[in-house]
């Protein structure tokens, strides 16, 4: 009798657990799984913003790979992504190593706090600040160049309006590129390295650079892989700069696939074509992330 009561109580307890978890599962299905599945499905339709659907098979894909705007947006995306990816991985690592090698723990803690302070400003605010920095006539950057006599006092440089300058200007945004969260993640990895290992390297006469290369970096490969994968995902999905600063211009020089998808969906009203772009982006991001994951060995591999 007791075993039967215990069994009933166990089943009821499991049902209660699933009942409490059901809002999470429902939210995941509705907001995480349904949209991409729906997007892949609608990529085979001529689907407008009103809701009209006409099955067109692979016509959207055929049009997409003949679409010169889309084809030109791919190298533009990688011209922006690759330098920013390298910067986002290397510069925070250098900052983390500098803070980690500060001998006084109190000073080290102060530096960690100072590194974190800039992240309280929203990303859009940062973009608007850089918009003012890049003002063609009175921005901070051109004012500094005039003050040092590098250009004429009446010179005007349209950083965001010149096809030759726009990509370097986008890459330079965020200087000195020290992301507070990235530095702290690297710091956590460095602090997990055994002090005995570091002390042994110092006793053996290893220089700082040699220790970083042979001890620190192998232990930080997990963090590097994390930044690489999420940098690829975020970089290929991001079009905030285009929305806030450039509108894809000058001309189509800053069009990236994600921004083109946004334009086709919410300006042209071609939802089916936009979901086709999104599906292709999903495949490319998945393959690049898988390659980065498998290609980088960590201490736990």
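Numbering (the numbering used here), first residue to last: 49 to 349. Note that the Cβ used here is the ideal one computed from N, Cα and C, for glycine as well. Since we're looking at a predicted model, the values are computed, not measured.
Using DSSP bridges, identify the partner residues of residue i.
| i | result |
| --- | --- |
| residue 102 | 94 |
| residue 63 | Answer by DSSP bridge pairing: none, since residue 63 is not bridged. |
| residue 318 | 96 |
For residue i, does the count of other Cβ atoms within 10 angstroms reach 16, so buried, or fall short, so exposed?
| i | result |
| --- | --- |
| residue 303 | buried |
| residue 66 | exposed |
| residue 261 | exposed |
| residue 290 | buried |
| residue 252 | exposed |
| residue 268 | buried |
| residue 118 | buried |
| residue 321 | buried |
| residue 296 | buried |
| residue 63 | exposed |
| residue 49 | Residue placement at residue 49 cannot be trusted, given a pLDDT of 47 that sits under 50; the coordinates are not used to answer. |
| residue 264 | buried |
| residue 178 | buried |
Kindly list the residues whose CB is nearer than 6 Å to the CB of residue i, restricted to its own chain and excluding five residues on each side of it in sequence; keep chain order.
| i | result |
| --- | --- |
| residue 326 | 87, 309 |
| residue 190 | 205 |
| residue 163 | 228, 231 |
| residue 68 | none |
| residue 159 | 147 |
Going by CA-CA distance only, name the one from the options that's closest to residue i.
| i | options | result |
| --- | --- | --- |
| residue 218 | 130, 91, 321 | 130 |
| residue 220 | 266, 94, 139, 299 | 139 |
| residue 223 | 235, 181, 260 | 181 |
| residue 313 | 98, 64, 68 | 98 |
| residue 207 | 294, 111, 166 | 294 |
| residue 301 | 201, 321, 316, 120 | 120 |
| residue 213 | 298, 79, 259, 132 | 298 |
| residue 161 | 177, 211, 232, 179 | 232 |
| residue 331 | 76, 73, 84, 74 | 84 |
| residue 89 | 283, 343, 101 | 101 |
| residue 125 | 240, 263, 215 | 215 |
Within the same chain, show all residues whose beta-carbon is closer than 7 Å to that of residue i, passing over the 5 residues directly before and after it, in chain order.
| i | result |
| --- | --- |
| residue 275 | 136, 137, 230 |
| residue 281 | 333, 337 |
| residue 148 | 235, 238 |
| residue 103 | 92, 93 |
| residue 277 | 337, 340, 341 |
| residue 171 | 288 |
For the alpha helix (DSSP H) that contains residue i, what are its first and last residues?
| i | result |
| --- | --- |
| residue 282 | 269-285 |
| residue 232 | 228-239 |
| residue 149 | Segment: none, residue 149 is in no alpha helix (DSSP H) and carries neither H nor E. |
| residue 195 | 188-195 |
| residue 243 | 243-251 |
| residue 178 | 171-181 |
| residue 109 | 107-112 |
| residue 215 | 214-220 |
| residue 256 | 256-259 |
Between residue i and the rest of its own chain, which residues show a CB-CB distance below 8 Å, the 5 nearest in sequence each way excluded?
| i | result |
| --- | --- |
| residue 107 | 94 |
| residue 285 | 306, 329, 333 |
| residue 175 | 221, 288, 289, 292, 293 |
| residue 256 | 149 |
So, is the C-beta of residue i closer than 9 Å to a C-beta in chain D?
| i | result |
| --- | --- |
| residue 334 | This model lacks chain D altogether; it includes just one protein chain. |
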